[in-house]
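Reviewing the structure listed below.
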Amino acid sequence: RKDFITFIGVFVVMLILAFLTAGIGPWIASFIWAFMYNKYFTVNKIKQGFIFAGSHTENELAASKLGLSLNQNNCKTITE
Numbered sequence: 187r188k189d190f191i192t193f194i195g196v197f198v199v200m201l202i203l204a205f206l207t208a209g210i211g212p213w214i215a216s217f218i219w220a221f222m223y224n225k226y227f228t229v230n231k232i233k234q235g236f237i238f239a240g241s242h243t244e245n246e247l248a249a250s251k252l253g254l255s256l257n258q259n260n261c262k263t264i265t266e
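Going by our numbering, the letters in the sequence shown line up with residues 187 to 266, in that order.
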């Protein structure tokens, strides 16, 4: 998925946190990073041409959480 550089960066940060916090820091950072990366990955997929495919209400909710606006290019439920 061409995210190897991101992986290396996160791995180095987690390694440093592990040394500084006796192993507890990476657990907390991993939890936070999971949400941040999910948004990053999803927004990039939408930019690559993937579209929202749920109901219109679900699509509106997902788009608002990602900070995107729905249009014909990224949503199946808009036909205008």
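The beta-carbon is built from N, C-alpha and C at its ideal position, and this holds for glycine as well.
1. Can you look up F197 in the DSSP assignment and give me helix, strand or coil?
2. Can you tell me whether T207 sits near the ligand NAP, meaning its C-beta is under 7 Å from at least one heavy atom of the ligand?
3. Do the region 212 to 222 and the region 237 to 254 touch if we need at least three Cβ pairs shorter than 8 Å?
4. Quick one: measure Cβ to Cβ for F238 and N260, integer angstroms, because I've assumed they're closer than 8 Å.
5. Would you list the residues sitting across from F238 in a DSSP beta bridge?
6. Suppose you measure from the CA of N257 to the CA of A248; what does that come to, to the nearest Å?
7. Does A248 come out as helix, strand or coil in the three-state DSSP assignment?
8. Which of the three DSSP states is assigned to L203 in this structure?
Concretely, from the data shown:
1. The three-state reading of DSSP puts F197 in helix, counting H, G and I together.
2. Here there are no bound small molecules, and the ligand NAP is not part of this structure.
3. Touching, no, given that fewer than three Cβ pairs across the two stretches are closer than 8 Å.
4. The beta carbons of F238 and N260 sit about 6 Å from each other, so the pair counts as a contact at 8 Å.
5. F238 is bridged to C261.
6. Cα to Cα, N257 sits roughly 13 Å from A248.
7. Look at A248 here: in three-state DSSP terms it is helix.
8. It is helical.
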